Amino acid sequence: MATDAKRPKTDEENCVLEPLKNFLLWCDSVKLTLSDKACNHITICCVGKKSLESASGWVPLLLGLLYEYTCPQSHWKPYLSLWPDFRTLDQPMFWSEEERDKLLKGTGIPEAVKTDLKKLQDEYNNIVLPFMKSHPDLWDPEKHTLELYKSLVAFVMAYSFQEPVEDEDEEEDKEPNPPMMVPMADMLNHVSKHNANLEYTPECLKMVSIRHIEKGEEVFNTYGQMANWQLLHMYGFAEPFPTNSNDTADIQMSSVYKAAVQAAHSEADQKLLVDKWSMLCEMEIVGEKGVFIFGQSGCLTYSELYTTLKVLCMTVQVFEEFRENEGWEEDEEDEDDKMEQALSFNGLTGLSAEWKCLLHAAAALTLDSYSEDVETDRRRLEDQGALAELSSRERRALHVRYGQKSILQRLQQLTKKS
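Take a look at the structure:
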């Protein structure tokens, strides 16, 4: 608006504009050409790699960032000075544990953050710290602390790129490619309904439009098919409900087993379920921390869920035959498209009453794991006045929670008794 453009700049705005001015001057000095129409937010730099091994594969990049971020003469200072405090990314790893538990209970994010913090602390203490001590001319543990390392991990999570594995069939057997920081390529925001894609070529990275983009329309990249909980966990934002077409909800595999146990009528039935679950674990169909994932159109892990429901609902005789054969015989395997259709939201009503009962109960157990019920969150979203009074963290958490709950609620509705 014109009135906004003419008002004096606040101290806070000047603090943002000064490093941005330096960054643009730096772009000129390194012959990086920007359109004068481009809106520049935050960008970062590529750094040299070092041959350090770690489970994450991130250590060389993070060591480079540790050095460059604290070096007054760094070539990348105009880039990195845009980030006086990486906490502005505001991923849940920067929230207090109490706040994560209060706002995000049931979403899977508190558990993911806890795992992240444990891994990065171990990585810092066991790999980074010894390496820094062996190179005191470049790193100082008093300056390059665990807290700074944690902040840079969040930075890499939010702004790095990762080249996809070329052979999808071998993707599970290969180590993931290490992340890379690419100046300017990270300036585009993400939405699920994006209008541009980043393409990897041997010569360069290219941002390519995938449809006609109108004059004045914002160019949106995609970070992949990301559910809202993944966006908040990794990047610190979530798409407002219901705009994220890639949103998902998880049901713990153990919840389906628990639902089956609750439905058992006798001690013998419960013992049989123990044997069935053990068999599924041995086949690596299920696991203690595994989840069944549901998207907007049904179950995305349909093969695992279909097999689980089939085994848990087997009669004693059929299960004994199944166990003797050590699983399915090749000619008895269900076709992939049959399983996908059966566990789509369009196909759920055609399932047996026993299967639907287990899914309904598992969805109920999952909904009970949230701190508040689905109707409470629905009323918050519909009350624009109340929504405006929420903090940014509360709003983002609400969109994550309700997106998941709406999927679970639909699953319940489609599997309820007639």
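Numbered as in this note's numbering, the sequence shown ends at 1121 without a single skipped number.
In this text, a Cβ means the ideal position worked out from N, Cα and C, and glycines have one as well.
Owing to the predicted nature of the structure, the values given are computational and were not obtained by experimental measurement.
Tell me whether residue i is buried or exposed, calling it buried when 16 or more other Cβ atoms sit within 10 Å of its Cβ.
i, result
"Cys1002", "buried"
"Leu823", "buried"
"Arg1082", "exposed"
"Ile812", "buried"
"Leu1062", "buried"
"Lys846", "exposed"
"Asp1086", "exposed"
"Asn1028", "exposed"
"Thr951", "buried"
"Val762", "buried"
Just to confirm the assignment, what range does the alpha helix (DSSP H) spanning residue i have?
i, result
"Ile830", "Per DSSP, Ile830 belongs to no alpha helix (DSSP H) and is neither H nor E."
"Val994", "Careful: Val994 lies outside any alpha helix (DSSP H), inside the beta strand (DSSP E) at Val994 to Gly998."
"Tyr1073", "Taken as a continuous stretch (DSSP letters only), Tyr1073 belongs to no alpha helix (DSSP H), as it is neither H nor E."
"Glu800", "Glu800 to Leu807"
"Glu850", "Leu849 to Tyr862"
"Phe1022", "Val1019 to Glu1027"
"Pro763", "Val762 to Thr773"
"Lys1013", "Tyr1005 to Leu1015"
"Asp1040", "Asp1039 to Ala1045"
So, are the CB atoms of residue i and residue j less than 9 angstroms apart?
i, j, result
"Ile954", "Thr1069", "yes"
"Gly669", "Pro795", "The first residue shown for the chain is 704 and the last is 1121, placing residue 669 beyond what the model contains."
"Asn949", "Gln999", "yes"
"Leu766", "Phe834", "yes"
"Met1042", "Phe995", "no"
"Lys1059", "Lys1013", "no"
"Phe932", "Thr1079", "As written in the sequence, residue 932 is Trp, which differs from the Phe given in the question. No, Cβ-Cβ distance for Trp932 and Thr1079 is not below 9 angstroms."
"Leu841", "Tyr770", "yes"
"Phe1025", "Ile1110", "no"
"Ala971", "Tyr1005", "no"
"Asp793", "Arg1096", "yes"
"Lys853", "Leu820", "yes"
"Ala861", "Met937", "yes"
Tell me which residues share the same chain as residue i and place their Cβ nearer than 6 angstroms to its Cβ, disregarding the 5 neighbours each side in the sequence.
i, result
"Leu1015", "Ala963 and Lys979"
"Ser777", "Glu771"
"Pro881", "Gly760"
"Tyr960", "Trp980"
"Leu807", "Pro813 and Ala1100"
Can you list, in chain order, the residues of its chain whose CB lies under 8 angstroms from that of residue i, leaving out five sequence neighbours each side?
i, result
"Asn924", "Leu891, Asn892, His893, His897, Ala899, Asn900, Leu901 and Met910"
"Gly1050", "Gly1001 and Gln1044"
"Leu832", "Pro844"
Under 7 angstroms Cβ to Cβ from residue i, same chain only, skipping five residues before and after it: list those, please.
i, result
"Ser912", "Asn898 and Ala899"
On the DSSP letters alone, give me the boundaries of the beta strand (DSSP E) that residue i sits inside.
i, result
"Leu901", "Ala899 to Tyr903"
Taking the runs of the alpha helix (DSSP H) that are 4 residues or longer, which of them lie wholly in the stretch 910 to 979?
931 to 938 and 956 to 966
At 4 residues or longer, what runs of the alpha helix (DSSP H) sit wholly inside the stretch 776 to 801?
780 to 783
Could you tell me which uninterrupted alpha helix (DSSP H) segments, each at least 4 residues in length, are contained entirely in the stretch 1056 to 1118, listed from first to last along the chain?
Listed in chain order, they are 1056 to 1070, 1077 to 1085, 1087 to 1092 and 1095 to 1118.
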